[in-house]
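K.L.:
Sharing a structure below in structure tokens format, with a few things to ask.
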Amino acid sequence: MVFKKGNIPWNNGISCPEDIKQRISATLKDSMSSDRRKRMSEVEMGEKNHFYGKHHTEEANLKNSEAHKGIYGANTGNWKGGLSFELYPQDWTDDLKDSIRKRDDYVCQICGIHQDELDGFYKQLDIHHINYQKDDLNPDNLISLCRKCHTKTNSKRDYWKEYFKNSINLTD
């Protein structure tokens, strides 16, 4: 059946119950192995990508620029009330960070990459605050992560708190 432009879908405005969303999410996650995900991403890499060698027109760049004007600071969806401007405590030292890396055997606690395998600008593991409180320097609240994984933990904070709580048996 062809859906004609202008027709309103039968399920417009009907939201899916949370338990159904969770089941769908779990099914989709289980349906693709990491090998399959890797193959799918490689299909569109380099010259095989439909946008390879092409560039946006000046008009498109201007439209894009105009659409994003004013979207910074408190106007972004990821804004947390200026938390990044808080200073770290004086005890937040390189020695403390090195002790956490050593405790974790210089391995990212999410993906398992070793610090020696890191390349590019970030050649050391980041130290992440599990409860996202900069002033909580309890070693049980600190964990070693590679930059890629550390970036992932900046969204879905409740998920990551629970993830680390379960993976290293922390108690609040």
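Here the sequence shown is numbered in our numbering, starting from 24 and rising by one per residue.
We put the CB at the ideal spot given by N, CA and C, even for glycine.
#1: What is the C-beta distance between Y145 and Q138, in whole angstroms, given that I count them as a contact (C-beta under 8 Å)?
#2: Compute the beta-carbon to beta-carbon distance between G166 and Q132, rounded to the nearest angstrom, for a pair I have assumed lies under 8 Å.
#3: Would you report the Cα separation of K184 and W115, rounded to the nearest angstrom?
#4: DSSP three-state label for L119, please.
#5: Cα-Cα, which of S190, M55 and C39 is closest to D163?
#6: Can you tell me whether V66 is buried or exposed? The criterion is at least 16 other CB atoms within 10 Å of its CB, across all chains shown.
#7: Output the distance between the C-alpha atoms of E140 and K125, rounded to the nearest integer angstrom.
#8: Could you tell me which uninterrupted beta strand (DSSP E) segments, each at least 3 residues in length, are contained entirely in the stretch 150-178, listed from first to last along the chain?
#9: Taking the straight line between their C-alpha atoms, what separation do you get for K188 and N154?
#10: Who pairs with H137 in a beta bridge, going by DSSP?
#11: Can you list, in chain order, the residues of its chain with a C-beta nearer than 6 Å to that of T194? Leave out the 5 residues immediately preceding and following it.
#12: Under a Cβ-count criterion, where at least 16 other Cβ atoms within 10 Å of its own Cβ denotes burial, should H91 be classed as buried or exposed?
#13: Exposed or buried, K71, counting other C-beta atoms within 10 Å across all chains shown (16 or more means buried)?
#14: Which residues mark the beginning and the end of the alpha helix (DSSP H) in which Y145 is found?
#15: Is H151 closer than 8 Å to T174 when the C-beta atoms are compared?
P.N.:
Let me spell this out:
#1: At roughly 10 Å, the Cβ-Cβ gap does not stay under 8 Å, so Y145 and Q138 are not in contact.
#2: Going by the sequence as given, residue 166 is Ile instead of Gly. That belief holds up - the Cβ atoms of I166 and Q132 are roughly 5 Å apart, short of 8 Å.
#3: 21 Å
#4: helix
#5: It is S190 whose Cα lies nearest to the Cα of D163.
#6: exposed
#7: 15 Å
#8: 165-168
#9: 10 Å
#10: V130
#11: For T194, the predicted structure reports a pLDDT of 44, less than 50, and the residue's modelled location is therefore unreliable. The matter cannot be settled from this model.
#12: exposed
#13: exposed
#14: From DSSP, Y145 is part of no alpha helix (DSSP H); its letter is neither H nor E.
#15: no
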